[in-house]
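Written out below as structure tokens is the structure these notes cover.
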């Protein structure tokens with residue numbers, strides 16, 4: 001075997017090992033790199049009928065259950081608010097006792113690491 005063949009083989013082996021490490025990390029921590037599972041923040045009141053205001057938000061960038069947990073926790077940790085996220089639809093149903101300000105919704109979602117694509121007021 002020539003030195004060039006050995007060098008190419010070593011480079012391919014290194015690339016395969018690095019790719020496998022990356023893949024294994026993604027399997028265990030989700031796409032957003034969250035190592036350990038996030039603790040779920042439960043809303044004070046989980047019944048949507050008890051909230052006067054509702055907005056459906058289409059969110060860009062959610063890819064895994066860690067993403068869902070981050071968005072839900074952003075809203076569920078606030079008094080008088082609750083969110084339910086549907087990963088398959090990339091939406092969050094946000095419920096609130098007080099009227100929902102668009103700026104506040106965008107800010108909470110941005111702070112969680114995502115972007116609002118659209119607000120739908122049913």
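In the working numbering, the protein residues as written are 1 to 122.
For glycine and all other residues, C-beta sits at the position ideal for the given N, C-alpha and C.
task: Along the alpha helix (DSSP H) that carries residue 100, what are the first and last residues, could you check?
output: Careful: residue 100 lies outside any alpha helix (DSSP H) and carries neither H nor E.
message: If you follow the beta strand (DSSP E) that residue 74 is in, where does it begin and where does it stop?
response: Unbroken run through residue 74 is the alpha helix (DSSP H), 65-76; no beta strand (DSSP E).
message: So, under 8 Å CB-CB, residue 92 and residue 41 are touching, yes? Tell me the CB distance rounded to an integer number of Å.
response: That pair is no contact at about 14 Å.
message: Using a Cβ-Cβ cutoff of less than 8 Å, which residues in the same chain neighbour residue 124 once the five nearest sequence positions on both sides are dropped?
response: No answer is possible for residue 124: the residues shown for the chain start at 1 and end at 122.
Selection from 6, 1, 2, 111 that minimises the alpha carbon distance to residue 59: 111
For residue 90 and residue 61, the rounded distance between their alpha carbons: 8 Å
- prompt: Would DSSP call residue 135 helix, strand or coil?
  reply: Given a span of 1 to 122 for the chain in the structure shown, any question on residue 135 remains unanswerable.
task: Kindly confirm or deny that the segment 42-54 and the segment 77-89 touch, where touching means at least three C-beta pairs closer than 8 Å.
output: yes
- request: Give the secondary structure of residue 110 by DSSP, where H, G and I count as helix, E and B as strand, and everything else as coil.
  value: helix
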